[in-house]
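Numbering (this note's numbering), first residue to last: 4 to 811.
In structure tokens:
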């Protein structure tokens, strides 16, 4: 069966040829220097619940009573008054948490994230009789679970489901003012997806059914080169093959079913082996890791569609019917999940999710969950993504205020350039030694295996040194001596110095041309923003990553061709890309994989076969050669028509190394807020040794809050902050007027001290900026939301000295 080049793109909403004609093309917007551009397609990330929802968990009254007690003699009347206020207010906050826990939208969101917690934590919490039942550890933990999810749903700019719907907006500097129109509902559309691991497990079970292997297409491993009747693998002696083995491997293309392959081999090999002999030999080749004979699904948000396609190829009608039935029953169970979500029915959703779990266990014989306890992992069988109902166009006032970002982009170019040069020297040494060892030739697969033993460690070592120098250079540019809370600069006074200190001819590799800053707008409302009464706040600056590419964003774009238009402006000729694993511990999942791979891009299968084998321009690594040029190492296509810097093939590894390296200030006990023109490029930050925070060990609730309040006042921290604790995935919000929030902070500190009793890793505390009075994003009812803009920035200087030409 031939690959349909439109298959994957057609799955993306708005990506048909008809829609391409109906929408304006995506384009780049060049920044004032002419050296950088921004995609006009901008992601709006915002939670699905208004920020005001968190206010009920705070108690300014407890805070005032605590302050009065701290200012008075210990054990006096003020202390008794404080404890009385605390007991009264803790019941009010408990009632507010129960109100949250019984609300349909919260239960629906928690049902999606952790539906078991509804039974184990939420229901017990709702059964509590406040003021009658004694408060105990389990009750407090249930409150903290609800509060933890609630603060995430109200404040975190996540992208997940209807409680973090993605908004696609436009940057248009020709428009004089920003415009915002909210839809009648929060969500315009949503889609329920199977986790790829769930479909992979089903495919494995189906493939093991008697009679199924005959209809599966075997493939030769991408590191195996056939040389007549010899198989050659990296680092191993040549493997002699029989005529039958060589013929089978020659026809293992990942597309031809085994039963058809056997017919071809039978006609080609003397003695005309029957199917059983061909299949036995094929199994032996698989055991020797020369071939793979599985039902492999490519990396896509819609793996069930490829599974359906594989099942349609089965030539045995009864086998096809029974195996297709397994998938159809899971699809029906997923549809029930989708319908319950559409109807905002949390009880039905939980029932549907449990039925989906039960059906999955029945069909596969394996558990319906994995990664138990990990908040950001793909634990369950399905997930959903949604698009926010908003029409937002960012006008000239926002574009003009972005100008200081060019200073940061200039330094980012220097950082990736230096890392790229350092890693290239490592690769040149590995390639040169391998070419000499191989008698003057080197294939990409051998080079890849040689690199894997050293690349991660060496690239991290290079990046550590470059980052230290990066921060030292910024340290010479910015005066943040003393203990000032803020320092302010005009962009014009920094521009020449930044250009000199961070001079670099280009970014480090093709993917490093991209930076994806998260930018927040601090403005009380849209009218103030239009008047220019606002400040931009830089969040994270993601290096070597265009996060507009992620499946979780692209699947929700109304016209994804606009993203491909922008990509083609940046890379007008084909790219050479690696086939990546479906996920890794640190960053990759199906939601964060790139959806922006064009049909004319080359995809090299190095080790992970996660692309459709029928896709055009999919190449096994062994078919490419590697050569050393004066300033780079290149991979050469099999026909010699194009040469690519191998850094592009290692780009995802390098992205993992540099992604979060953009920190302009070194880690000190205190660093100030740094503002350039109207952009805060670094928020005020404090660092503390968790072992010095003795309040975390106080067991009495009222005593804990009082001790924490004493510590908070001594530090001068703002009332609301974000805290990043080593070992935890994400920062969390802390409000020092909220007893529940303070308890959650203390629990996190105790966990850290237990896990690493002698570790000196510091916790990082950052000011909350924008603050609750600076939230301009509203829905149709006027509710206010936190938000951030994720903007794809691209270096307009190509990284390849001789860009590879397009190949017809």
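Heads up, the beta-carbon is just placed ideally off N, CA and C, and yes, glycines get one too. Just so you know, these numbers come straight off a predicted model, no measurement behind them.
Between residue 429 and residue 453, the alpha-carbon positions lie close to 11 Å from each other.
Between residue 210 and residue 298, the C-beta spacing is below 8 Å.
Contact annotation: the region 144-160 touches the region 91-108, with at least three C-beta pairs closer than 8 Å. Of the residues 793, 197, 40, 127, the one whose Cα lies closest to the Cα of residue 338 is 197. For residue 104, the CB contacts under 7 Å within the same chain, skipping 5 residues up- and downstream, are 125, 128, 129, 149 in chain order.
Residue 523 and residue 725 have their C-alpha atoms spaced approximately 15 Å apart. Apart from the 5 residues on each side of it in sequence, residue 488 sits with its Cβ closer than 7 Å to the Cβ of 675, 676, 687 in its chain, given in chain order. For residue 450, there is no enclosing beta strand (DSSP E); the enclosing alpha helix (DSSP H) has its first and last residue at 447-455.
Using a Cβ distance threshold of 8 Å, residue 190 and residue 391 count as a contacting pair. Excluding its 5 nearest sequence neighbours in each direction, residue 472 has C-beta neighbours in its own chain below 8 Å: 421, listed in chain order. Going by beta carbons, residue 176 and residue 396 fall outside the 8 Å limit.
Going by DSSP, residue 630 is part of the beta strand (DSSP E) stretching over 628-632.
The DSSP-derived three-state label of residue 771 is coil. Between residue 741 and residue 113, the gap from beta carbon to beta carbon reaches 8 Å or more. Excluding its 5 nearest sequence neighbours in each direction, residue 342 has no C-beta neighbour in its own chain below 6 Å. Contact between the region 201-215 and the region 261-274 is not established, with fewer than three Cβ pairs separated by less than 8 Å.
For residue 605, the beta-bridge partners assigned by DSSP are 579.
By the neighbour-count definition (other C-beta atoms within 10 Å, threshold 16), residue 439 is an exposed residue.
Comparing alpha carbon positions, the residue from 192, 803, 794, 798 closest to residue 405 is 794.
Under DSSP, residue 525 takes part in a beta bridge, and its partners are 538. DSSP places residue 196 within a strand segment (E or B) once states are collapsed to three. Annotation for residue 492: 679 place their beta carbon closer than 6 Å to its own, counting only its chain and skipping 5 residues before and after. Going by DSSP, residue 475 is part of no beta strand (DSSP E) but of the alpha helix (DSSP H) stretching over 458-480. Residue 650 sits close to residue 657, with the two beta carbons spaced by under 8 Å.
The residue from 803, 246, 681 with its alpha-carbon nearest to that of residue 495 is 681. DSSP places residue 295 within a strand segment (E or B) once states are collapsed to three. Taken through DSSP and simplified to helix, strand or coil, residue 655 comes out as helix. Counting along the chain, residue 95 sits inside the alpha helix (DSSP H) bounded by residues 80-105. Taking a C-beta distance under 8 Å as the contact criterion, residue 267 and residue 254 qualify as a contact pair.
Annotation: residue 532 to residue 778 spans about 11 Å, alpha carbon to alpha carbon.
Looking at the DSSP output, residue 791 bridges to 48.
Of the other Cβ atoms in all chains shown, fewer than 16 fall within 10 Å of the Cβ of residue 719; this residue is therefore exposed. Boundaries of the alpha helix (DSSP H) harbouring residue 556: 554-557, taken from the DSSP string. Around the C-beta of residue 446, 16 or more other C-beta atoms lie within 10 Å, and the residue is accordingly described as buried. Looking at the DSSP output, residue 389 sits in a beta bridge with 193. Annotation: the continuous alpha helix (DSSP H) that includes residue 499 extends over 494-504.
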